[in-house]
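Each remark here refers to the structure printed beneath this line.
Residue numbers (full-length UniProt numbering): 1 to 125.
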């Protein structure tokens with residue numbers, strides 16, 4: 001296939017600045033689950049294994065422009081499609097994801113206090 005396999009997408013390999021991703025595959029549960037989610041998101045009914053193994057999804061179908069291996073990321077599965085209603089703020093999902101990651105990185109009460117306290121009071125704890 002010379003371009004993106006998503007219905008209605010006209011992006012081709014010759015289009016500069018785009019990356020193309022293979023449909024995930026593999027025997028491990030993580031890979032098979034990711035593949036299932038991608039195929040559900042793409043919603044093609046005319047697929048068989050020969051078509052799927054040669055198919056690519058362009059980076060235009062990911063919020064950040066790149067696929068992610070982090071299952072909690074909105075870019076774990078392609079989600080930007082012409083046939084779905086887009087939100088008013090397309091970056092809102094990525095903003096929520098980054099806030100969640102920062103909270104997860106900052107575990108414990110002392111870390112939260114460090115963000116609230118002014119620099120001169122931090123050492124009084």
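For every residue, glycine included, the Cβ atom is placed at its ideal position computed from N, Cα and C. Computed from a predicted model, the values in this text were never measured in an experiment.
Partner residues in the beta bridge of residue 56, as assigned by DSSP, are 4, 22. When the alpha-carbon of residue 29 is set against those of 22, 64, 71, the nearest one is in 71. As computed with DSSP, residue 96 is found in no beta bridge at all. With contacts defined as CB atoms closer than 7 angstroms, residue 42 and residue 6 qualify as a contacting pair. Closest option to residue 95, judged by alpha-carbon separation, among 74, 79, 82: 74.
Residue 20 and residue 65 have their C-alpha atoms some 10 angstroms from each other. Per DSSP, reduced to three states, the secondary structure at residue 101 is helical. For the options 58, 25, 69, the alpha carbon positioned closest to that of residue 50 is the one of 25. For residue 28, there is no enclosing alpha helix (DSSP H), as DSSP gives it neither H nor E. At a Cβ-Cβ threshold of 7 angstroms, residue 11 and residue 67 do not count as neighbours.
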